[in-house]
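K.L.:
So that we are looking at the same thing, I have put the structure below in structure tokens.
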Amino acid sequence: MVDTTIGAAGVIQPAEVKDVELYHPKSWVTKYVFCQDAKVIAIQYAITALGIGLVALVLSWLIRLQLAFPSSFSAIGPTDYLQFITMHGMIMVIYLLTALFLGGFGNYLIPLMVGARDMVFPYVNMLSYWVYLLAVLVLVASFFMPGGPTGAGWTLYPPQAILSGTPGQDWGIILMLASLILFIIGFTMGGLNYVVTVLQARTRGMTMMRLPLTVWGIFMATVLALLAFPALFVGCVMMLFDRILGTSFFMPAIVEMGQHLKYGGGSPLLFQHLFWFFGHPEVYIVALPAFGIVSDLISTHARKNIFGYRMMVWAIIVIGALSFLVWAHHMYVSGMNPYFGFYFATTTLVIAIPTAIKVYNWVLTLWRGDIHLTVPMLFALSFIVTFVNGGLTGLFLGNPVVDVPLSDTMFVVAHFHMVMGMAPIFVIFGAIYHWYPKVTGRMMNEALGQFHFWVSFLGAYAIYFPMHYLGLLGVPRRYFEMGDMAFIPQSATTLNIFITMAALTVGFAQMVFLFNLIWSLFWGKPAGSNPWRATTLEWQTPETPPGHGNWGKELPVVYRWAYDYSVPGAKEDFVPQNQPPTPRAA
Amino acid sequence: MSITLLLLAVIGAIAAWWLSQQRLMSKPWLEVGAIDDVRGTGASPVPAATVGLGVFLAVVVTLFALLISAYFMRMQTADWAQMPAPKLLWFNTGLLILSSVALQYAQVAARRGRMEDVAGGLVAGGLLALAFMAGQLLAWQQLNAEGYFLATNPANAFFYLLTGLHGLHLLGGLVALALTADKVWRGLEPGQVRLSVRLCAIYWHFLLALWIVLFTLLTPWVGDFATICRQLLT
Amino acid sequence: MTTAIILVLVALGSVLFHILSPWWWTPIASNWGYIDHTINLTFWITGFVFTAIILFTAYCVFRFRHQPGRQAIYNPENKRLEWWLTIGTAVGVGALLAPGLFVWDQFVTVPKGASEVEVIAQQWQWNFRLPGEDGRLGASDTRNVSSSNPLGLNPNDPNGRDDVVIEGDALHLPLGKPVKLLLRSIDVVHSFYVPEFRAKMDLVPGVVTYVWFTPTRTGTFETLCTELCGAAHYNMRAKVVVEEASEYQAWVRKQKTFAQLSARTRQAKGTQ
């Protein structure tokens, strides 16, 4: 049991002291495989997510090769191409980004940062990972079924998704939907943990307004995910009914290749509403943890408190709330009632205001700081560049008339890769370089890290910035090849070749990263407990890596907010959250 | 989607109320607390499991709100043909009410420390819930026998989907109930089972309320009512 | 130092790329010049913000890089600055939104007197239908589709008998006349897009959607499908020919009506 003697009279005890019985693994299996320790679960999540992410990375190379050298690869046909883009998109958005930010970073950082010993429901937390793994395996299985994985696009729009004109109609789509349903069930188990741990298991003195922004970001993203994933769940279940049981939820009367199908009366737009009711919050499910983490990276490595902490918290809350009111901006040209456009355009552009405030505050944190250009800091800077770029192109697409010519072109592809592809992934990299010493006790190799950063950042920018202009030209997305269209000049192909070269180079840099990840595990410089001299609680653990129960005998007590860097008059340029104030002269 | 947004607004209002307790306007950098003036964390004294159940119920509410939104959107198309609700559903509703009552009884007994009554209440509640599920399956069978197949009409499809999902949630509840009953069986103290019994009871009442909402929606008069409303609006 | 320079190069390089890019939108051929103006306005505002933020970041990275003895200032917030930035952003967003909504209103409001043309998509082909001499399109339903009636017209609707049916061939439009496209699909969701017209709208099976524009330039333009519709999505094209009224009339006279087409299939069946 937890030692509760530290409480002074009149102080409310944190609820977790009574509720959580510490989990003690007894064997190797319960310590590393069926483990209930959030830190181990986090690593399991991270490895699985990175593993499946590698598949998506390889798929992206195949996509790029096809686009640069159309009809040079006999192995890539139009149906293969659609399967590649579908699986690439779905894996990246759901199985990599969502799982890594919430299952990976959430599990590792929440208990440590709020000063808890573990998640509040460790057993459910463990189940969450295993259900997630099952979802990933079902997804992978679809590659090996007859007909291959689905090629319906990651948006899975019916009727196309379940008809025979789309590859993977036999098994691919069924396994895709089943895998998503499993993922959502698994995520809900984990999500309950993240939310309730933040609500109930904060240590003494850790008020909500003393939480690091990382925790705020992950917390809010989890709330969004818990409320948004049911929409995808409903859509998937209903589409499975349509596909397997022959109902007509989304299926109108259809003549497919001259055959009348037995569907009738259903509404394809109903699915689109459900999908985007999940899909737009999903953008923020990925973005909010990135916002939070990057705030902490910038603050720590600029040795300066985050500028406008309160505004940052309010902005996270406002963005979270607004993200449920903007979904149909993905549907301006979907054929829905066009007058909805006025409402959704307004809410969409309004959400730009709190987002812009966050950007200003990151940049203003740099102002008059003491900027250490470490690898995490560099990745934070690259996040600012890609996020500002992608956020601003969002203002194009959120405005219905501008969206009309640009929607479903390469402009959209470039936009979302910049804003919810590159930006969050750079934060993930920065976060891995930042917290790797805590997880393993060793620093990652700096030189390899610098190389990884510069190639990834400049390469990714070279991929996606020019891609916008293909979209302006009118090149549609999800095209196997551009073909000989009168309005597309030959130079567009040259540009595609350039983009592909950049993509392959960036891909190579990721191999260097993986090498660094493994190499440093054995030969990295020993890190000590707090190599970045950071204030937040996870750096103040008695052991590094933190042991089971995180905190040794006594839970830490928090005396200050998470950003006491360069406090005037302090001995060092950081004051840990659990450092008691020096007694005032009476 | 308006129904979903309405329910999300309710959840949002609860969240806003909670946030308003968190002193969001405070300036944390000015509040360096000495040990004596460290405030409580603001974590509520409610047990974590209860909060967890509350959050889970919010997720379930959203799930069904979305289904009901979809139900109303799909209802507006021309091919909608409401099917009659079997009389059996009234009987099943009665079973579910009794099941809820039994669990309420178990909860009260747990609070007073009468473990035998707790066991009785749990077993009665579980059996009644099983009977409800059997009744639902029987209702499905009746409908099938009368030719109201799943794929015949979207109204039928929604009926099977909604009742099925409700049943699955009840099934999950039965697992929790079995675990709780097992605790009682092993002779744990009232203090150790009180929370579990309470959570089971809350979940049961929730599922009962959800069933009543679904039942109301699935009976034919709702379709007529919706038609009338739409005519009044247009 | 290097980092700051590279950030400056990224910002300036982006601006240069934008100015020098040979990849730009196609010359417009419809009345939607307003859309181009709105995009240009958006480029100006967002381009300014992007350059300003990145250059400021680069300056900070250069000026406040770690050096021995440097200490960061302790500056939790600056209410006034934050409010000014918020207001400035709100103004910028308003400047984008207001013209956008104004043009959107025009985009969704079809002018009176626009002639109707129906576009019917299927995997993976475009079909068109003109209202014929009576100026009215006959009723249609996907359930009527058959090999002799590929567009699913209602054979009992007298309005449909003189409708001109164009199956898998180019659509001709008269120059300078507003046209309202009624969009319909018989299988999956497609999207009608002619880059030169700027206009785009999905074709959703089960409902009829619309989009309108006025062709302002003669020529032959390519119609693309821009909503993923299956394996041959990338190859689903058609031509739209914009021509003077006289040529257009001559073309229309050469086309077959629904009545003619069904009579022909009936004959063909009879001779078998």
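Chains as they are written, first to last, in my numbering: chain A, -11 to 574; chain B, 2 to 235; chain C, -9 to 262. Even for Gly, the Cβ is constructed at its ideal location relative to N, Cα and C. From a predicted model like this one, the values you see are computed outputs, not experimental measurements.
(1) How many angstroms separate the CA atom of valine 51 (chain C) from the CA atom of glycine 280 (chain A)?
(2) Taking the alpha carbon of glutamine 113 (chain C) as the point to measure from, which residue in C:Leu172, C:His180, C:Ala1, C:Ala80 has its own alpha carbon closest?
(3) Count the C-beta pairs between the stretch 174 to 191 of chain A and the stretch 98 to 111 of chain A that are closer than 8 Å, then say yes if the count reaches three, no if not.
(4) Give every residue of the same chain whose Cβ lies closer than 6 Å to the Cβ of valine 596 (chain A), excluding the five residues on either side of it in the sequence, and list them in chain order.
(5) Between glutamate 106 (chain C) and leucine 172 (chain C), which are expected to be in contact by the criterion C-beta below 8 Å, what is the C-beta distance as a whole number of angstroms?
(6) Taking 7 Å as the CB-CB limit, is proline 101 (chain C) close to chain B?
(7) Contact check, alanine 62 (chain C) vs tyrosine 553 (chain A) under 8 Å by CB: the rounded distance?
(8) On the premise that valine 102 (chain A) lies in contact with methionine 208 (chain A), defined as a C-beta separation below 8 Å, what is that separation, rounded to the nearest angstrom?
(9) In three-state DSSP terms, what is tryptophan 116 (chain C)?
(10) Sort C:Leu91, C:Glu234, C:Gly3, C:Pro185 by Cα distance to tryptophan 15 (chain C) and report the nearest one.
(11) To the nearest angstrom, report how far apart alanine 368 (chain A) and glutamine 115 (chain C) are at their CA atoms.
(12) Could you list which residues in chain A have their beta carbon closer than 7 Å to that of arginine 195 (chain B), in chain order?
(13) Tell me, to the nearest whole angstrom, how far the beta carbon of leucine 215 (chain A) is from that of isoleucine 12 (chain B); I am working on the premise that it is less than 8 Å.
(14) Go ahead and pull the three-state DSSP assignment for valine 232 (chain C).
(15) By how many angstroms is the C-alpha of glycine 173 (chain B) removed from the C-alpha of glycine 379 (chain A)?
(16) Let me see if you follow: with CB-CB separation under 7 Å, is proline 195 (chain C) close to chain B or not?
(17) State whether the stretch 398 to 418 of chain A contacts the stretch 16 to 28 of chain A, with contact taken as three or more CB pairs (one from each stretch) at a distance under 8 Å.
(18) Report all residues from its chain with a CB closer than 6 Å to the CB of threonine 210 (chain C); omit the five preceding and five following residues, and keep chain order.
(19) Which residues does DSSP list as the beta-bridge partners of asparagine 280 (chain C)?
(20) Classify leucine 193 (chain C) as helix, strand or coil using the three-state DSSP reduction.
(21) If you draw a straight line from the C-alpha of alanine 219 (chain A) to the C-alpha of histidine 8 (chain C), how long is it?
(22) Name the chain B residues that come within less than 9 Å of valine 302 (chain A), Cβ to Cβ?
(23) Residues in its own chain within less than 8 Å of tyrosine 251 (chain A) by CB, not counting five upstream and five downstream?
(24) Are there 16 or more other CB atoms within 10 angstroms of the CB of tryptophan 91 (chain B), so buried, or fewer, so exposed?
(25) Name, please, each residue of chain C whose Cβ falls closer than 9 Å to the Cβ of tryptophan 30 (chain B).
(26) Could you check the C-alpha separation between serine 395 (chain A) and aspartate 358 (chain A) for me, to the nearest Å?
(27) Could you spell out where the alpha helix (DSSP H) holding threonine 288 (chain A) opens and where it closes?
(28) At a Cβ threshold of 7 Å, is alanine 49 (chain B) touching chain A?
(29) Residues of chain A with CB closer than 9 Å to the CB of asparagine 139 (chain C), please, in chain order.
(30) Can you give me the C-alpha to C-alpha distance between glutamate 233 (chain C) and methionine 410 (chain A), rounded to a whole angstrom?
(31) For alanine 103 (chain B), count the other beta carbons within 10 Å of its own beta carbon; 16 or more makes it buried, fewer makes it exposed. Which is it?
(32) Taking the straight line between their C-alpha atoms, what separation do you get for serine 138 (chain C) and phenylalanine 118 (chain C)?
(33) What's the call for leucine 269 (chain A), buried or exposed, on a 16-neighbour Cβ count within 10 Å?
(34) Give a yes or no on whether the minimum CB-CB distance between serine 60 (chain A) and chain C is below 7 Å.
(35) Along chain B, in chain order, which residues have C-beta atoms closer than 8 Å to that of tryptophan 549 (chain A)?
(36) Going by alpha carbons, who is nearest to serine 100 (chain B) out of B:Cys201, B:Ile229, B:Asn145?
P.N.:
Concretely, from the data shown:
(1) Against the third sequence, residue 51 (chain C) aligns to sequence position 61. Against the first sequence, residue 280 (chain A) aligns to sequence position 292. Straight-line spacing of the CA atoms in valine 51 (chain C) and glycine 280 (chain A) works out to 21 Å.
(2) The residue labelled residue 113 (chain C) in the question sits at position 123 within the third sequence. The shortest C-alpha to C-alpha distance from glutamine 113 (chain C) to any of C:Leu172, C:His180, C:Ala1, C:Ala80 is the one to C:His180.
(3) At 8 Å Cβ cutoff, the stretches touch.
(4) Residue 596 (chain A) lies beyond the residue range present for chain A, which begins at -11 and ends at 574; the question has no answer from this structure.
(5) The sequence position of residue 106 (chain C) within the third sequence is 116, counting from 1. The sequence position of residue 172 (chain C) within the third sequence is 182, counting from 1. Yes, they are in contact, since the Cβ atoms of glutamate 106 (chain C) and leucine 172 (chain C) sit about 6 Å apart, within 8 Å.
(6) Here the question's residue 101 (chain C) lines up with position 111 in the third sequence. Residue contact with chain B for proline 101 (chain C): absent (no Cβ-Cβ distance below 7 Å to any residue of chain B).
(7) In the third sequence, the residue the question calls residue 62 (chain C) occupies position 72. In the first sequence, the residue the question calls residue 553 (chain A) occupies position 565. Contact flag correct, Cβ pair sits at about 6 Å.
(8) Stepping through the first sequence from its first residue, residue 208 (chain A) is reached at position 220. Stepping through the first sequence from its first residue, residue 102 (chain A) is reached at position 114. Separation of the CB atoms of methionine 208 (chain A) and valine 102 (chain A) is rounded to 14 Å, and the pair is thereby denied contact status at 8 Å.
(9) Sequence index remark: in the third sequence, residue 116 (chain C) carries index 126 (1-based). DSSP places tryptophan 116 (chain C) within a strand segment (E or B) once states are collapsed to three.
(10) Here the question's residue 15 (chain C) lines up with position 25 in the third sequence. Out of C:Leu91, C:Glu234, C:Gly3, C:Pro185, C:Pro185 has the C-alpha closest to the C-alpha of tryptophan 15 (chain C).
(11) Within the first sequence, numbered from 1, the residue matching residue 368 (chain A) stands at position 380. Within the third sequence, numbered from 1, the residue matching residue 115 (chain C) stands at position 125. So the alpha carbons of these two residues sit roughly 48 Å apart.
(12) Translated into the one-based positions of the second sequence, residue 195 (chain B) becomes position 194. Going along chain A, no residue has its Cβ under 7 Å from arginine 195 (chain B), so there is no contact; the nearest lies around 13 Å.
(13) In the first sequence, counting from the first residue as 1, residue 215 (chain A) sits at position 227. In the second sequence, counting from the first residue as 1, residue 12 (chain B) sits at position 11. By a beta-carbon distance limit of 8 Å, leucine 215 (chain A) contacts isoleucine 12 (chain B). Their separation comes to about 7 Å.
(14) To locate residue 232 (chain C), count along the third sequence from 1; it is residue 242. Here valine 232 (chain C) sits in strand by DSSP.
(15) In the first sequence, counting from the first residue as 1, residue 379 (chain A) sits at position 391. In the second sequence, counting from the first residue as 1, residue 173 (chain B) sits at position 172. Straight-line measurement puts the Cα of glycine 173 (chain B) at about 42 Å from the Cα of glycine 379 (chain A).
(16) Your numbering for residue 195 (chain C) matches position 205 in the third sequence. Between proline 195 (chain C) and chain B, the shortest Cβ-Cβ separation is not below 7 Å.
(17) No, they do not touch.
(18) Locating residue 210 (chain C) in the third sequence gives position 220, where the first residue counts as 1. Counting only residues of its own chain and dropping the five nearest sequence neighbours on each side, threonine 210 (chain C) has a CB closer than 6 Å to the CB of Lys229, Val231.
(19) Nothing in the structure corresponds to residue 280 (chain C), since chain C is present only between -9 and 262.
(20) Here residue 193 (chain C) is taken as the residue at index 203 of the third sequence, counted from 1. Three-state result, leucine 193 (chain C): strand.
(21) If you number the first sequence from 1, residue 219 (chain A) lands on position 231. If you number the third sequence from 1, residue 8 (chain C) lands on position 18. Taking the CA atoms as reference points, alanine 219 (chain A) sits about 39 Å from histidine 8 (chain C).
(22) For this step, residue 302 (chain A) is matched to residue 314 along the first sequence. The question names valine, yet the displayed sequence has tryptophan at residue 302 (chain A). By Cβ distance, chain B contributes Leu25.
(23) Position 263 of the first sequence, counted from the start, is the residue given in the question as residue 251 (chain A). Answer for tyrosine 251 (chain A): Pro147, Asp230, Gly234, Ser236, Met239, Pro240, Ala241, Ile242, listed in chain order.
(24) Walking along the second sequence from the start, residue 91 (chain B) turns up at place 90. Of the other Cβ atoms in all chains shown, fewer than 16 fall within 10 Å of the Cβ of tryptophan 91 (chain B); this residue is therefore exposed.
(25) To locate residue 30 (chain B), count along the second sequence from 1; it is residue 29. Near tryptophan 30 (chain B) (Cβ distances below 9 Å), the residues of chain C are Tyr64, Pro66, Glu67.
(26) By one-based count along the first sequence, residue 395 (chain A) stands at place 407. By one-based count along the first sequence, residue 358 (chain A) stands at place 370. Cα-Cα distance, rounded: 43 Å.
(27) As a working note, residue 288 (chain A) is residue 300 in the first sequence. 256 to 289 is the extent of the alpha helix (DSSP H) around threonine 288 (chain A).
(28) Position 48 of the second sequence, counted from the first residue, corresponds to residue 49 (chain B). Yes, its Cβ sits closer than 7 Å to a Cβ of chain A.
(29) Start at 1 with the first residue of the third sequence, and residue 139 (chain C) comes out as number 149. The premise fails here: asparagine 139 (chain C) is roughly 11 Å from chain A at the closest Cβ pair, so nothing lies under 9 Å.
(30) On the third sequence, position 243 is the one that residue 233 (chain C) refers to. On the first sequence, position 422 is the one that residue 410 (chain A) refers to. For glutamate 233 (chain C) and methionine 410 (chain A), the distance between alpha carbons rounds to 46 Å.
(31) As a working mapping, residue 103 (chain B) is identified with position 102 in the second sequence. Answer is buried; the Cβ neighbour count reaches 16.
(32) Counted from its first residue, the third sequence places residue 138 (chain C) at position 148. Counted from its first residue, the third sequence places residue 118 (chain C) at position 128. If I take the Cα positions, the gap works out to 15 Å.
(33) In the first sequence, counting from the first residue as 1, residue 269 (chain A) sits at position 281. According to the sequence shown, residue 269 (chain A) is proline rather than leucine. Label assigned to proline 269 (chain A): buried.
(34) Taking the first residue of the first sequence as 1, we reach residue 60 (chain A) at position 72. Not an interface residue.
(35) The residue given as residue 549 (chain A) occupies position 561 in the first sequence. In chain order: Pro29, Trp30, Glu32.
(36) By one-based count along the second sequence, residue 100 (chain B) stands at place 99. Ranking the options by Cα distance to serine 100 (chain B), first place goes to B:Cys201.
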